[in-house]
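Going left to right, the sequence shown walks through residues 0 to 239 as numbering that gives the first Met the number 0 numbers them.
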Amino acid sequence: MAQWYSEAEATGASVLIDKEKNWTSFDVVAKLRKITKIRKIGHTGTLDPLATGLLMVCLGKATKQISEFMEDFKSYDTQIKIGISTKSYDSETEEYDEKPINHINEDTIINTILSFKGISFQEPPLYSAKKIKGVPAYKFARKDKQITLVPKQIEIIEIQIKSIRIPFISFKIVCSAGTYIRALARDIGEMLGCGAYMYELRRTAIGDFKVEDALTINEINNLFNENSLVNNDKSLQEFK
(Lines of atoms letter the chains of each structure in order from A and count residues from 1; the text may use other names and numbers.)
(Lines give C-alpha, C1' and ligand atoms only; values in the text may rest on other atoms or scores of the structure.)
Protein backbone atom coordinates (compact mmCIF):
# COMPACT_ATOMS: atom_id res chain seq x y z
CA MET A 1 0.00 0.00 0.00
CA ALA A 2 2.96 2.31 0.52
CA GLN A 3 3.44 2.34 -3.24
CA TRP A 4 -0.13 3.60 -3.66
CA TYR A 5 0.60 6.46 -1.24
CA SER A 6 3.38 7.76 -3.46
CA GLU A 7 1.38 7.23 -6.66
CA ALA A 8 -1.63 9.10 -5.25
CA GLU A 9 0.54 12.09 -4.32
CA ALA A 10 2.42 12.04 -7.62
CA THR A 11 -0.51 11.59 -10.04
CA GLY A 12 -3.40 12.77 -7.88
CA ALA A 13 -6.52 10.93 -6.80
CA SER A 14 -9.87 11.64 -5.23
CA VAL A 15 -11.87 9.56 -2.81
CA LEU A 16 -15.66 9.61 -2.50
CA ILE A 17 -16.64 9.64 1.17
CA ASP A 18 -20.06 8.95 2.66
CA LYS A 19 -19.82 11.34 5.61
CA GLU A 20 -21.38 10.36 8.90
CA LYS A 21 -23.61 12.63 10.98
CA ASN A 22 -21.90 14.93 13.52
CA TRP A 23 -18.56 14.85 11.68
CA THR A 24 -17.23 18.09 10.22
CA SER A 25 -15.71 18.06 6.74
CA PHE A 26 -12.37 18.81 8.41
CA ASP A 27 -12.81 15.70 10.61
CA VAL A 28 -13.05 13.60 7.45
CA VAL A 29 -9.91 15.17 5.95
CA ALA A 30 -7.99 14.66 9.20
CA LYS A 31 -9.02 11.01 9.47
CA LEU A 32 -8.11 10.38 5.82
CA ARG A 33 -4.69 11.95 6.39
CA LYS A 34 -4.15 9.59 9.30
CA ILE A 35 -5.20 6.53 7.27
CA THR A 36 -3.30 7.32 4.06
CA LYS A 37 -0.30 9.19 5.54
CA ILE A 38 -0.80 11.71 2.70
CA ARG A 39 -0.60 15.32 3.91
CA LYS A 40 -1.82 17.17 0.82
CA ILE A 41 -5.57 16.57 1.08
CA GLY A 42 -8.58 18.84 0.64
CA HIS A 43 -12.34 18.51 0.14
CA THR A 44 -14.40 19.97 -2.69
CA GLY A 45 -17.17 21.58 -0.64
CA THR A 46 -18.17 21.71 3.02
CA LEU A 47 -20.96 19.49 4.29
CA ASP A 48 -22.52 20.65 7.57
CA PRO A 49 -21.83 18.47 10.64
CA LEU A 50 -25.49 17.44 10.98
CA ALA A 51 -25.69 16.46 7.30
CA THR A 52 -24.67 13.10 5.87
CA GLY A 53 -23.67 11.95 2.42
CA LEU A 54 -21.20 12.62 -0.33
CA LEU A 55 -17.96 14.45 0.41
CA MET A 56 -15.33 14.38 -2.33
CA VAL A 57 -11.76 14.51 -1.06
CA CYS A 58 -8.78 15.18 -3.35
CA LEU A 59 -5.31 13.80 -2.69
CA GLY A 60 -1.91 14.96 -3.91
CA LYS A 61 -1.90 16.78 -7.26
CA ALA A 62 -5.66 16.36 -7.57
CA THR A 63 -6.04 19.17 -5.02
CA LYS A 64 -5.35 21.54 -7.93
CA GLN A 65 -8.78 20.58 -9.31
CA ILE A 66 -10.72 21.31 -6.12
CA SER A 67 -12.01 24.66 -7.42
CA GLU A 68 -13.43 22.93 -10.52
CA PHE A 69 -15.30 20.33 -8.48
CA MET A 70 -16.59 23.00 -6.09
CA GLU A 71 -18.55 24.59 -8.94
CA ASP A 72 -20.40 21.35 -9.80
CA PHE A 73 -24.13 21.11 -9.20
CA LYS A 74 -25.10 19.33 -5.98
CA SER A 75 -27.98 16.95 -5.31
CA TYR A 76 -29.62 16.50 -1.91
CA ASP A 77 -32.40 14.63 -0.15
CA THR A 78 -33.81 16.82 2.59
CA GLN A 79 -36.62 16.95 5.09
CA ILE A 80 -37.93 20.22 6.50
CA LYS A 81 -40.26 20.88 9.41
CA ILE A 82 -42.84 23.64 9.05
CA GLY A 83 -44.66 25.62 11.73
CA ILE A 84 -41.60 26.35 13.83
CA SER A 85 -38.16 27.92 13.40
CA THR A 86 -34.59 27.74 14.71
CA LYS A 87 -31.89 30.41 14.66
CA SER A 88 -29.55 28.22 12.61
CA TYR A 89 -32.35 27.09 10.24
CA ASP A 90 -31.46 23.48 11.10
CA SER A 91 -31.63 21.28 14.22
CA GLU A 92 -28.32 22.58 15.64
CA THR A 93 -30.19 25.19 17.69
CA GLU A 94 -33.43 25.05 19.68
CA GLU A 95 -36.88 25.40 18.19
CA TYR A 96 -38.78 28.62 18.81
CA ASP A 97 -41.67 30.75 17.48
CA GLU A 98 -44.18 27.95 16.90
CA LYS A 99 -47.09 28.96 14.66
CA PRO A 100 -50.37 27.28 13.63
CA ILE A 101 -50.29 25.22 10.43
CA ASN A 102 -53.73 23.56 10.41
CA HIS A 103 -54.84 25.97 7.67
CA ILE A 104 -52.01 24.95 5.30
CA ASN A 105 -52.93 22.22 2.81
CA GLU A 106 -50.80 20.01 0.56
CA ASP A 107 -51.50 22.02 -2.60
CA THR A 108 -50.23 25.19 -0.95
CA ILE A 109 -47.10 23.38 0.22
CA ILE A 110 -46.41 21.89 -3.21
CA ASN A 111 -46.94 25.17 -5.08
CA THR A 112 -44.78 27.07 -2.60
CA ILE A 113 -41.84 24.66 -2.79
CA LEU A 114 -41.95 24.34 -6.57
CA SER A 115 -41.97 28.14 -6.93
CA PHE A 116 -38.31 28.18 -5.85
CA LYS A 117 -37.23 26.34 -9.00
CA GLY A 118 -35.07 28.50 -11.27
CA ILE A 119 -32.66 31.38 -10.67
CA SER A 120 -33.06 33.56 -7.59
CA PHE A 121 -31.09 35.42 -4.94
CA GLN A 122 -30.62 33.75 -1.57
CA GLU A 123 -29.42 35.32 1.67
CA PRO A 124 -26.93 32.92 3.31
CA PRO A 125 -27.64 31.83 6.89
CA LEU A 126 -25.83 33.62 9.71
CA TYR A 127 -24.80 30.24 11.08
CA SER A 128 -22.41 29.63 8.19
CA ALA A 129 -18.75 29.96 7.25
CA LYS A 130 -19.43 32.98 5.01
CA LYS A 131 -16.80 35.60 5.81
CA ILE A 132 -17.52 39.15 6.99
CA LYS A 133 -14.29 41.16 6.94
CA GLY A 134 -12.42 37.90 7.32
CA VAL A 135 -14.54 36.60 10.22
CA PRO A 136 -16.94 33.62 9.74
CA ALA A 137 -20.57 34.70 10.10
CA TYR A 138 -21.35 32.00 12.67
CA LYS A 139 -19.06 33.76 15.19
CA PHE A 140 -21.31 36.82 15.02
CA ALA A 141 -24.46 34.67 15.16
CA ARG A 142 -23.35 32.83 18.31
CA LYS A 143 -22.89 36.20 20.03
CA ASP A 144 -26.41 37.22 18.91
CA LYS A 145 -25.01 40.05 16.79
CA GLN A 146 -27.43 41.05 14.06
CA ILE A 147 -25.77 41.28 10.67
CA THR A 148 -26.95 40.98 7.09
CA LEU A 149 -25.22 38.84 4.51
CA VAL A 150 -25.28 39.85 0.86
CA PRO A 151 -27.73 37.68 -1.11
CA LYS A 152 -26.09 35.44 -3.70
CA GLN A 153 -27.50 34.28 -7.02
CA ILE A 154 -28.33 30.58 -6.99
CA GLU A 155 -30.11 28.19 -9.31
CA ILE A 156 -32.40 25.33 -8.38
CA ILE A 157 -32.55 22.99 -11.33
CA GLU A 158 -34.89 20.37 -9.94
CA ILE A 159 -37.21 19.94 -6.98
CA GLN A 160 -39.05 16.65 -6.52
CA ILE A 161 -41.37 16.34 -3.54
CA LYS A 162 -41.12 12.84 -2.07
CA SER A 163 -43.58 12.97 0.83
CA ILE A 164 -45.76 15.35 2.83
CA ARG A 165 -46.55 14.32 6.38
CA ILE A 166 -47.27 17.66 8.01
CA PRO A 167 -45.30 19.14 9.72
CA PHE A 168 -42.59 17.20 7.83
CA ILE A 169 -41.96 17.57 4.09
CA SER A 170 -39.33 15.55 2.23
CA PHE A 171 -37.98 16.43 -1.20
CA LYS A 172 -35.07 15.96 -3.57
CA ILE A 173 -33.25 19.01 -4.88
CA VAL A 174 -30.56 19.63 -7.51
CA CYS A 175 -28.95 23.06 -7.17
CA SER A 176 -25.98 25.23 -8.01
CA ALA A 177 -22.87 25.48 -5.87
CA GLY A 178 -23.31 27.86 -2.94
CA THR A 179 -26.98 27.06 -2.36
CA TYR A 180 -27.88 26.67 1.31
CA ILE A 181 -30.67 24.16 1.86
CA ARG A 182 -31.10 25.57 5.39
CA ALA A 183 -31.77 28.98 3.90
CA LEU A 184 -34.20 27.43 1.43
CA ALA A 185 -36.11 25.88 4.34
CA ARG A 186 -36.22 29.30 6.00
CA ASP A 187 -37.54 30.92 2.81
CA ILE A 188 -40.19 28.23 2.33
CA GLY A 189 -41.35 28.82 5.90
CA GLU A 190 -41.50 32.56 5.35
CA MET A 191 -43.55 32.15 2.18
CA LEU A 192 -45.94 29.79 3.96
CA GLY A 193 -46.18 32.31 6.79
CA CYS A 194 -45.46 29.76 9.50
CA GLY A 195 -41.69 29.35 9.68
CA ALA A 196 -39.67 26.23 8.87
CA TYR A 197 -36.25 24.72 9.34
CA MET A 198 -34.15 21.96 7.79
CA TYR A 199 -34.67 18.79 9.82
CA GLU A 200 -32.44 16.40 7.87
CA LEU A 201 -30.03 16.64 4.93
CA ARG A 202 -28.17 14.09 2.85
CA ARG A 203 -25.99 15.00 -0.14
CA THR A 204 -26.51 12.39 -2.84
CA ALA A 205 -24.35 13.69 -5.71
CA ILE A 206 -21.67 16.18 -6.75
CA GLY A 207 -21.86 16.58 -10.50
CA ASP A 208 -21.66 13.04 -11.91
CA PHE A 209 -20.27 11.55 -8.69
CA LYS A 210 -22.86 9.58 -6.67
CA VAL A 211 -23.03 8.72 -2.98
CA GLU A 212 -23.83 5.12 -3.96
CA ASP A 213 -20.21 4.83 -5.09
CA ALA A 214 -18.81 6.31 -1.87
CA LEU A 215 -17.26 4.63 1.16
CA THR A 216 -17.42 5.50 4.84
CA ILE A 217 -14.19 6.32 6.65
CA ASN A 218 -14.41 2.98 8.48
CA GLU A 219 -14.75 1.13 5.17
CA ILE A 220 -11.73 2.97 3.77
CA ASN A 221 -9.72 2.15 6.88
CA ASN A 222 -10.63 -1.53 6.55
CA LEU A 223 -9.73 -1.58 2.85
CA PHE A 224 -6.36 -0.02 3.60
CA ASN A 225 -5.71 -2.65 6.22
CA GLU A 226 -6.63 -5.30 3.64
CA ASN A 227 -4.45 -3.61 0.99
CA SER A 228 -7.40 -3.44 -1.42
CA LEU A 229 -8.55 0.22 -1.73
CA VAL A 230 -6.69 0.63 -5.02
CA ASN A 231 -9.00 -1.97 -6.57
CA ASN A 232 -12.17 -0.10 -5.57
CA ASP A 233 -12.59 1.78 -8.85
CA LYS A 234 -15.88 3.52 -8.05
CA SER A 235 -14.85 5.20 -4.82
CA LEU A 236 -11.31 6.00 -6.01
CA GLN A 237 -10.73 8.27 -9.01
CA GLU A 238 -7.20 8.75 -10.37
CA PHE A 239 -6.01 11.84 -12.26
CA LYS A 240 -3.09 11.95 -14.65
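Backbone N, C-alpha and C define an ideal beta-carbon position, used for all residues, glycine too. Source: prediction; values computed, not measured.
- Assignment of alpha helix (DSSP H) within the stretch 20 to 44, counting only whole runs of 4 or more residues, yields 24 to 35 in chain order.
- The stretch 188 to 208 makes contact with the stretch 74 to 88, as at least three CB pairs between them are under 8 Å.
- For residue 176, the CB contacts under 8 Å within the same chain, skipping 5 residues up- and downstream, are 44, 69, 70, 71, 72 and 73 in chain order.
- Residue burial is scored here from C-beta neighbours: residue 186 has at least 16 other C-beta atoms within 10 angstroms and is therefore classed as buried.
- Of all alpha-carbon atoms in 136, 207, 181 and 33, the one lying nearest the alpha-carbon of residue 149 is that of 136.
- Beta bridge pairing from DSSP links residue 121 with 151.
- Our two residues, residue 107 and residue 178, have alpha carbons roughly 23 Å apart in a direct line.
- Counting only runs of 4+ residues, the alpha helix (DSSP H) found wholly inside the stretch 60 to 124 occupies 65 to 69 and 105 to 113, in chain order.
- Taking a contact to require three or more Cβ pairs closer than 8 Å, the stretch 31 to 40 and the stretch 209 to 221 qualify as touching.
- Residue range 51 to 58 is occupied by the beta strand (DSSP E) that includes residue 52.
- Beyond the five residues adjoining it in sequence on each side, residue 80 comes within less than 7 Å, by CB distance, of 166, 167, 195, 196 and 198 in the same chain, given in chain order.
- When DSSP states are grouped into helix, strand and coil, residue 129 belongs to the coil group.
- The DSSP-derived three-state label of residue 179 is coil.
- Closest in C-alpha terms to residue 42, from the list 190, 210 and 29, comes 29.
- If you look at residue 16, you'll find it in the beta strand (DSSP E) that goes 12 to 18.
- By the Cβ criterion, the stretch 149 to 159 is in contact with the stretch 112 to 122, since at least three pairs of Cβ atoms, one from each stretch, lie closer than 8 Å.
- Counting C-beta pairs closer than 8 Å gives fewer than three between the stretch 43 to 60 and the stretch 138 to 147, which falls short of the contact rule.
- Between residue 98 and the set 183, 84 and 120, the nearest pair of CA atoms involves 84.
- Between residue 162 and residue 38, the alpha-carbon positions lie close to 43 Å from each other.
- Taking a C-beta distance under 8 Å as the contact criterion, residue 17 and residue 47 do not qualify as a contact pair.
- Ranked by Cα distance from residue 122, the first of 19, 12 and 181 is 181.
- In this structure, the beta-carbon distance from residue 193 to residue 109 does not fall below 8 Å.
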